[in-house]
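Colleague: Would you mind keeping the following structure in view while I ask a few things?
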Amino acid sequence: CEDYLFNHVVRSWLFAARLGQLRNIDHDAEVVAVGTLLHDITLNERFDGPRRFEVEGADLARTFSRQAGIDERRAQLIWDSVALNSTPSIGLYKEAEVALCTAGVCLDVVGLGYETIPAAEIADIVAKFPRLEMKRRMTRCFCHIAQTHPETTYDNFARDFGERFVPGYQAPSSVDIVSNAPFEE
């Protein structure tokens, strides 16, 4: 794991845990930790899975959890946390553990909920786990996925990176998928 990505997942976890405290949300701290720390396990320029990187990562995280003796329900919450971390329009409305993982990740990536945690605490976390050009480096990873596996990007945020930064990028269109459904009407 590259240093910037390690720092990102740690910051995301620390933000998730702190948001849970500040909002007084009852949650399983271990599930939040595992889901958040593993949420980008497949986000790198070597990623070559056939499915969305979040799903590939979620499967790895669930397998790891099961092998560590985590029961099936908690392992599923970890899977959901990893799979939905970059889909706040869903993840923020799931179980507390999934919602906190998503909230921590979104705070670190786009600043969602930034005002909730005191500025001095955020500054301390970022000082201990610096961003290390995360915006630029994540952009490279998202572009790599859009370039090498555009079929995994049509229904998620990676499409935006492909459209903006990858020459010749084309992903399947949801409109075309619906129009080409194998029904007569």
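Taking the working numbering, I'd label the letters of the sequence shown as residues 1 to 185. A virtual CB, placed ideally from N, CA and C, is assigned to each residue, including glycine. Because the structure is a prediction, the values reported are computed rather than measured.
Would you check if the distance between the CB atom of V9 and the CB atom of T42 is smaller than 8 Å?
Modeller: no
Colleague: Going straight from the alpha carbon of M138 to that of E2, what length do you get?
Modeller: Approximately 11 Å, taken between the alpha carbons.
Colleague: Taking S81 as the reference, which of G168, G91 and R73 has the closest Cα?
Modeller: With distances taken between CA atoms, S81 lies nearest to G91 out of G168, G91 and R73.
Colleague: Would you kindly work out how many angstroms separate the C-alpha atoms of Q21 and D124, rounded to a whole number?
Modeller: 17 Å
Colleague: Counting only the same chain and skipping the five closest in sequence on each side, list residues whose C-beta sits under 8 Å from that of N7.
Modeller: F129, P130, R131, L132 and M134
Colleague: Under 8 Å, with one C-beta from each stretch per pair, do the region 94-108 and the region 48-63 reach the 3-pair mark?
Modeller: no
Colleague: So I117 and R18 are in contact, right, with Cβ under 8 Å, and what is the actual spacing, rounded?
Modeller: 5 Å
Colleague: State the DSSP-derived secondary structure class of D196, mapped to helix, strand or coil.
Modeller: Given a span of 1 to 185 for the chain in the structure shown, any question on residue 196 remains unanswerable.
Colleague: To the nearest angstrom, how far is the alpha carbon of V178 from that of R136?
Modeller: One C-alpha to the other measures close to 34 Å.
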